[in-house]
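This report concerns only the one structure given below.
2 protein chains.
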Amino acid sequence: MPTFTKEQLPELNQRFRTNLINSLSGVKTAFLVGTADMDGLTNCAVFSSIVHVGANPALLGMISRPNTVARDTIENIQTTGVYTLNIMSTEHYKGVHQTSARYNHDESEFEAIGGINPEYIDGFFAPFVKEAVIKIAMNLAEIHHLNINQTYFTIGEIAAVYIPDELLQEDGNLNYELADILTVAGLETYYSARKIEQLPYAKK
Amino acid sequence: MPTFTKEQLPELNQRFRTNLINSLSGVKTAFLVGTADMDGLTNCAVFSSIVHVGANPALLGMISRPNTVARDTIENIQTTGVYTLNIMSTEHYKGVHQTSARYNHDESEFEAIGGINPEYIDGFFAPFVKEAVIKIAMNLAEIHHLNINQTYFTIGEIAAVYIPDELLQEDGNLNYELADILTVAGLETYYSARKIEQLPYAKK
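Taken in sequence, the protein lines are chains A and B.
Residue 99 in the numbering used here sits at position 99 of the first sequence, and the numbers go up by one each step.
Offset between the second sequence (1-based) and the numbering used here: plus 1000.
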């Protein structure tokens, strides 16, 4: 069985190590994050590090590295205080992946990439992704700078969420098989999700 | 289309809101976290908030709330400095979910739950899950207390990772369809993952 210790990891080929370590967080949802700068110039980038932080207040967190293509996203969130989180269906996986390319600040992914279009809802400053199945408006709450590797952990409060009627169950859960939600492992391998079973609250 | 604003969310039925907000982080991998207290009494709990923090050093983060069944996990990590992250295949979904029940501190989930057994590898103090497909030994790096809702963001460095030969691709990516990786949305709905396509590095 292949084993890699913390002494061996730095010795690996950089691309192999990057793929391996990025894969170890498993399969997770590929979100498109929509932002704009103070002039309204839009940006759209794929993030797969969105985590639940709390339900009341409703908080979501995300990890981003300042030296990546996510830089515009974080700068826009810091200056405007708002962003959107967009859950996509699998049919859009090529467009979602294309947002990870290194576009310049003055090039909007919304214009450069087919099938990924901006949408403005209820006067919210940041653009949503028109093609998304679930759209979440976020207000920046706090940004934690992680000294350990110069990464940012950004926490936002949900300002509003937009959900198609057929995906919302009576108990508040969302039907992600029906949504055909797009997920990703590592930096470039896309997956779909098939429901196994919803289980009751676990008791001992 | 159902819409919930931040003014409306606090008015919702608590269980509905909890399910809805927990669902909004999408489908993500269900990890079993293995720990032990200073006396070696073991604990195993499901976490779905594991995120990639960095590849070199190799860092993973996770969110936990102190007032949940995850309390033993965090206390054990704080006192011993070590824990394990275990990726499971779908066949174990009922056992994985059962770890979310409220067992007392002196009851080990490894003993109480069938099909979830401890395994010790290379002298690492924290128990792995024997049935896991991918096993990761973690050293605690830092714990951030999030004042916004009294949640902890725990960052650990990968001490070692154990991967079956057939799941490791030549490029360092892991084949999670072959692993039949277990994923979850919200608190109780389990999913499997089907590979769509591995795409090349995106260029503009």
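Note that CB positions come from ideal geometry on N, CA and C, so glycine has one too.
Keep in mind it's a predicted model, so treat the numbers as computed, not measured.
Measuring only the C-alpha atoms, how far is residue i from residue j?
i	j	result
ILE1158 (chain B)	ALA1202 (chain B)	28 Å
ASP122 (chain A)	MET88 (chain A)	20 Å
ALA30 (chain A)	THR183 (chain A)	5 Å
PHE4 (chain A)	SER1100 (chain B)	30 Å
GLN98 (chain A)	GLU1197 (chain B)	14 Å
GLY95 (chain A)	GLU131 (chain A)	11 Å
SER192 (chain A)	ASP180 (chain A)	7 Å
GLY1115 (chain B)	HIS1092 (chain B)	7 Å
PHE1125 (chain B)	GLN1078 (chain B)	13 Å
VAL207 (chain A)	HIS1105 (chain B)	Not covered by the structure: residue 207 (chain A). The range shown for chain A is 1 to 204.
ILE1163 (chain B)	LEU1060 (chain B)	17 Å
ASN1013 (chain B)	LEU146 (chain A)	36 Å
GLU1142 (chain B)	PHE1153 (chain B)	8 Å
MET62 (chain A)	ASN76 (chain A)	15 Å
PRO1127 (chain B)	GLU1119 (chain B)	6 Å
ARG1194 (chain B)	LEU178 (chain A)	15 Å
MET38 (chain A)	GLY156 (chain A)	19 Å
PRO2 (chain A)	VAL1161 (chain B)	8 Å
ARG71 (chain A)	GLU7 (chain A)	30 Å
ASP1171 (chain B)	ASN56 (chain A)	42 Å
GLU11 (chain A)	LEU168 (chain A)	48 Å
PHE1110 (chain B)	ALA1036 (chain B)	11 Å
VAL133 (chain A)	ASN173 (chain A)	15 Å
GLY1026 (chain B)	LYS1204 (chain B)	28 Å
Take residue i as the anchor and find which of the options has the nearest alpha-carbon.
i	options	result
THR1073 (chain B)	B:THR1042, B:SER1048, B:GLY1054 and B:LYS1006	B:THR1042
GLU107 (chain A)	A:TYR176, A:SER192, A:GLN8 and A:CYS44	A:CYS44
GLY34 (chain A)	A:TYR152, A:GLU177 and A:ASN117	A:ASN117
LEU24 (chain A)	B:TYR1083, B:ILE1050 and B:PRO1010	B:ILE1050
PHE16 (chain A)	A:GLU109, A:GLY156 and A:LEU187	A:LEU187
LEU199 (chain A)	B:GLU1007, B:ASN1019 and B:PRO1010	B:ASN1019
ALA1137 (chain B)	B:LEU1085, B:ALA1055, B:VAL1027 and B:GLU1007	B:LEU1085
VAL979 (chain B)	B:LEU1140, B:GLU1109, B:GLN1150 and B:ARG1102	No answer is possible for residue 979 (chain B): the residues shown for chain B start at 1001 and end at 1204.
MET1065 (chain B)	B:LEU1167, B:ASP1171 and B:ASN1149	One detail in the question is off: residue 1065 (chain B) reads as Arg in this sequence, not Met. It is B:ASN1149 whose Cα lies nearest to the Cα of ARG1065 (chain B).
LEU1032 (chain B)	B:HIS1144, B:ILE1113 and B:GLU1166	B:ILE1113
THR1090 (chain B)	B:HIS1144, B:ALA1058 and B:LYS1028	B:LYS1028
VAL46 (chain A)	A:TYR103, A:ASN175, A:ASP165 and A:TYR176	A:TYR103
ALA58 (chain A)	B:LEU1009, B:ALA1036 and B:ALA1058	B:LEU1009
Note down, in chain order, every chain A residue with its Cβ under 7 Å from the Cβ of residue i.
i	result
ALA1193 (chain B)	VAL27, THR183, TYR191 and ALA193
LEU1168 (chain B)	PRO2
Which of helix, strand or coil does DSSP assign to residue i?
i	result
TYR103 (chain A)	coil
GLN98 (chain A)	helix
ILE1074 (chain B)	helix
ALA1112 (chain B)	helix
GLN1198 (chain B)	strand
LEU1274 (chain B)	It is not possible to answer for residue 1274 (chain B), since the shown part of chain B is limited to 1001 through 1204.
SER25 (chain A)	coil
LEU41 (chain A)	coil
PRO1127 (chain B)	coil
LEU178 (chain A)	coil
GLU142 (chain A)	strand
LEU12 (chain A)	coil
GLU91 (chain A)	helix
Please list the partners that residue i has in chain B, where partner means a Cβ-to-Cβ separation under 7 Å.
i	result
ASN56 (chain A)	PRO1010 and ARG1017
THR206 (chain A)	One cannot answer for residue 206 (chain A) here, as it falls past the ends of chain A, which runs 1 to 204.
ALA202 (chain A)	HIS1097, GLN1098, SER1100 and ALA1101
GLY186 (chain A)	ASN1173
Give the interface partners of residue i over in chain B, defined as CB-CB distance under 8 Å, in chain order.
i	result
MET1 (chain A)	TYR1162, ILE1163, PRO1164 and ASP1165
ASP171 (chain A)	ARG1015, PHE1016 and ASN1019
ILE155 (chain A)	LEU1146 and ILE1148
Output yes if chain E places a C-beta closer than 7 Å to the C-beta of residue i; else output no.
i	result
THR1005 (chain B)	This model lacks chain E altogether, as its protein chains are A and B.
Can you pull the chain B residues whose beta carbon is under 9 Å from the beta carbon of residue i, in chain order?
i	result
ALA159 (chain A)	THR1005 and LYS1006
ALA141 (chain A)	ILE1148
LEU41 (chain A)	Those within 9 Å of LEU41 (chain A) in chain B number zero; the least Cβ separation is about 16 Å.
Give the residues of chain A in contact with residue i, contact being defined as C-beta atoms less than 9 Å apart.
i	result
ILE1050 (chain B)	LEU24, SER25, GLY26, LYS28 and VAL51
LEU1059 (chain B)	ILE21, LEU146, ILE148, ASN149 and THR151
Going along chain A, which residues have a C-beta under 8 Å from residue i?
i	result
GLU1197 (chain B)	TYR93, THR189 and TYR190
Exercise. Using a Cβ cut-off of 9 Å, which residues of the stretch 1075–1106 of chain B contact any Cβ in chain A, in chain order?
Worked result: LEU1085, ILE1087, THR1090, TYR1093, LYS1094, HIS1097, GLN1098, THR1099, SER1100, ALA1101, ARG1102, TYR1103 and ASN1104
Exercise. Any residues in the stretch 113–132 of chain A with a beta carbon nearer than 7 Å to a beta carbon of chain B? Which ones, in chain order?
Worked result: none
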